[in-house]
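First to last, the sequence lines map onto chains A and B. For the first sequence, my numbering begins at 1183 and goes up steadily by one. For the second sequence, my numbering begins at 221 and goes up steadily by one. Below is one structure; the comments refer to it alone.
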Amino acid sequence: MKDWLQYFVYGVTFLSMYVQIFFLVTFFEKRKKIEYRKGVIELDEYPTVSVAVPCWNEEKTVEKTMHSLLALDYPKDKLTIVAIDDGSSDNTWGVLQKFKDYPNVKLIKKENGGKHTAVNYAIENSNAEFVSCLDADSYVDPQALKRIITYFQRDPKTMAVAPAILIDKPKTSIQIIQKVEYEWAVFLKKMLALVGGIYVTPGPFSVFRRKVFTDLGLFRKAHNTEDMEIAFRMQKNHYKIDQCNDAFVYTTGPKSVIALYKQRLRWIYGFIMNTIDYRGILLKREYGTFSLLAVPAGFVSIVAVPLLLGLVLYKIINKIILYVAKVRTVGFDFSFGIPNFDSFFISSNAYLFVGLTLYLIVMLTIVIGKRMATGKYRFDIRIIYFMVTFSLIAPFWVLRAIFNAVFAKKTAWR
Amino acid sequence: MRYLQKRPLGGRVYFMNTEEKNDWKKYLIVFFITLFVFVTAFYVSGKMNDKKLEEIRSIEDTISIDILSLETQFDLFEELSCDSITDSILSKELNELASKIEYGEKNFDSLDDELFGLKKYYSLLQIKDFLLMQKASERCKLNIESIIYFYGREECKDCQKQGFVLTDLRQDYPELRVYSLDYYLDLSAIEALKSIYKVDENLPALIINGKTYKGFKSREEIEKIIPELIKIKEKREADAKLEEGKKQDIGSKEE
């Protein structure tokens, strides 16, 4: 390997390790502040909340989404549900008619204008103190809203709260590994929240104070990642974003690799483009961890993920070339027996040790995330399955997102 | 409070809460933990490599003692009892050493001086072994087949292939002694060998029974050059069968 490449690899690995250790240190520093509530809690006061459900061809899932909202443990006169059919071409509007008799449900049909226009429409047409949005492929836990509202009541400076998003009933193998990933994300989001570094308030059930939109304006069209842009905008204006790790929202993960690829491409592309749009607030002490660590860490992973795969492929291809050369000179070697075991040949490569440590730290944080999401510390073989699969497939959407960002190609929603 | 007001940053005064004030400390602590992980990894790796070099050195010392003792036996007795020579055959350890040195060259971060020294030592031991075996085969009328193999680490295209062939041969014929020498290793004994056998940069080069062969030689070609190899193998297999038969005889007698 060329020297400069080796230094580059070490540099990127150092930064990746730095980020993981930062999260781990944050966890041990603030773990007492993390609460896991079980059962029902009562609030002293129930503020008004309006939840927008933007739908675009969601006939299959929207009914379940609506039922989950109606089942929220929250006074009905304080909670308004606004379902907006954003010009669907399927039977979404027909399905929504089942809910027209509920007093706190509003149904709206409009011309297709994109997700953000639908949510904005709902925000503009309500006067609730808190506004939220729930993607029509996601379902809320009955206790989620109350638990989120406690965060606002405890700290008047908190302007938005993201929930803990989990994968709903994973079926395909791709969904099962996303389940592991989402549990890990619960940990990462919580750590980011504790140090003020959240850079996305996800579409499934992030709750905002109305003040956010009156002060900073409504959702904007932003590279199909409106929920990221609003978080960047809030960070720019020092608006506090928190995460409520015991408010669960279940979302449907993409079923196939292709669908997952499209979703991630959109996310990473959105991340790159939003960062470029908000480059002015990067690496400035004034904007705290968000600007010093959270967003830079995203970029480190964008570089590290393809680099790691490249490195592994390089090694494997070298081995194959060597093996082919051997077979071509002396033919197949059928003596498959394990050669005399000799501890001498156990690798003593420093980079291998560093890499293994990094993987162990990641595994540990996934297990902690699992505890936050499910209440159990347990190692699951699916963690390894997730790490291997994602290491292999993530580089493809990351590279494509970089390509699209460089050549200004826009991404699609689905 | 006064302290904060005295510290304008870019013309503006930042009133930070305690959490933010401690931030830089955390960044620093995390940096040192990360550094510690890296340093530990390098330290452990270095220690392990040292141990491996130590292992190579100790094998070399064993071989060196073997060679020296055999040489001394030759010097002491004009007519050495030829039986004892077979006992002191060294090739197994030399082969082991060869693979370990090759591994070291491929895997140790920088070609450190120590490995370089060990490689020179190894080359000398090989040449010594070669000379000693020549002497032994003359005196005791032994059939010891050997190949001296000159390779280049980078400049040689066919050396990798030649290496595969020789490793393969050695697996099939453990009696074959292969001495591999780095053509570019700065060692006077190697220079001497090069001039005796007229080896030039046309690598790989093989010296078999005093004759120099230049360029890649396939397995079949080598087997043609040393027809004795097949005979030796046949004899070994016949011996092994005999041995088996004897064992079975003893077994049946005991019953």
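We treat Cβ as the ideally placed atom computed from N, Cα and C, and that holds for glycine. What you are looking at is a predicted structure, and each value in this text was computed from that prediction instead of being measured.
Query	Result
Start-end ranges of the beta strand (DSSP E) lying completely within the region 1206-1269 of chain A, minimum 3 residues	1231-1237, 1261-1268
Identified DSSP bridge partners for THR1340/A	LYS1422/A
CB contact check: ASN269/B to chain A, cutoff 8 Å	yes
Three or more C-beta pairs below 8 Å linking the region 335-354 of chain B and the region 369-377 of chain B	no
Cβ-based neighbour list, LEU352/B, same chain, cut-off 7 Å, excluding 5 preceding and 5 following	ILE287, LEU290, GLU291
Interface residues of chain B facing SER1530/A [CB-CB closer than 9 Å]	VAL264, SER265, GLY266, LYS267, MET268, ASN269, LYS271, LYS272, ASN327, PHE328
Closer than 8 Å to chain B by CB, ALA1318/A	no
LEU426/B in three-state terms, based on DSSP	strand
Segment contact flag, the region 1447-1459 of chain A with the region 1583-1591 of chain A, C-beta cutoff 8 Å, min 3 pairs	yes
Same chain only: Cβ atoms within 6 Å of LEU273/B, ignoring 5 sequence neighbours per side	GLU334
Chain A residues whose Cβ lies nearer than 9 Å to that of THR282/B	Within chain A, no residue comes near THR282/B; the closest Cβ sits about 15 Å away, beyond 9 Å.
Closer than 7 Å at the beta carbon, the chain B residues around LYS1508/A	PHE384
Given THR1340/A as reference, the closest of LYS1351/A, LYS1393/A, LEU1289/A, ILE1347/A once Cα atoms are compared	LYS1393/A
Partner residues on chain B for SER1512/A, Cβ-Cβ distance less than 7 Å	Checking the sequence, you will find Val at residue 1512/A rather than Ser. The contacting residues are PHE384, VAL385, ASP388, ARG439.
Segment contact flag, the region 356-369 of chain B with the region 395-402 of chain B, C-beta cutoff 8 Å, min 3 pairs	yes
Closer than 7 Å at the beta carbon, the chain A residues around GLU275/B	PHE1526
Positions along the region 1191-1219 of chain A whose CB lies within less than 7 Å of some CB in chain B	PHE1196, MET1199, TYR1200, ILE1203, PHE1204, VAL1207
Separation of LEU407/B from ILE416/B, as counted between CA atoms	15 Å
Rounded separation between LEU389/B and LYS461/B - CA only	22 Å
Euclidean distance between Cα positions of PRO1478/A and VAL1377/A	14 Å
Residue-chain proximity (VAL1536/A, chain B), Cβ-Cβ < 8 Å	yes
Complete beta strand (DSSP E) runs within the region 1379-1422 of chain A (minimum length 3 residues, chain order)	1389-1391
Cβ contact check for the region 1528-1545 of chain A and the region 1340-1355 of chain A: 3 or more pairs under 8 Å	no
Cross-chain neighbours of THR1340/A in chain B, by beta carbon under 8 Å	Chain B residues near THR1340/A: none, gap ~15 Å exceeds 8 Å.
Residue from PHE1572/A, PHE1568/A, MET1554/A, TYR1567/A whose Cα sits closest to the Cα of LYS1220/A	MET1554/A
Beta-carbon proximity of ASN1427/A to ILE1216/A, cut-off 8 Å	yes
SER289/B, DSSP secondary structure in three states	helix
Environment of PRO1257/A [buried if 16+ CB atoms lie within 10 Å]	exposed
Inter-residue spacing [alpha-carbon to alpha-carbon] between HIS1298/A and VAL1362/A	29 Å
Short Cβ contact (8 Å threshold) for TYR1381/A with PHE1472/A	yes
Beta carbon of TYR1412/A nearer than 8 Å to that of THR1383/A	First, the amino acid is wrong: residue 1412/A is Ile here, not Tyr. The answer is yes: Cβ separation under 8 Å.
Test item: CB-CB of SER1320/A and PHE1387/A under 8 Å	yes
Selected residue, minimal CA-CA separation from ASN1273/A, among TRP1579/A, THR1571/A, TRP1238/A, LEU1197/A	TRP1238/A
beta-carbon TYR1460/A near the ligand MG non-hydrogen atom, thresh 7 Å	Absent from the structure shown: the ligand MG. Ligands present: none.
Listed by chain order, chain A residues near ILE253/B by CB distance under 8 Å	ILE1203, VAL1207
Between the CA atoms of LYS467/B and GLU421/B - distance to the nearest angstrom	52 Å
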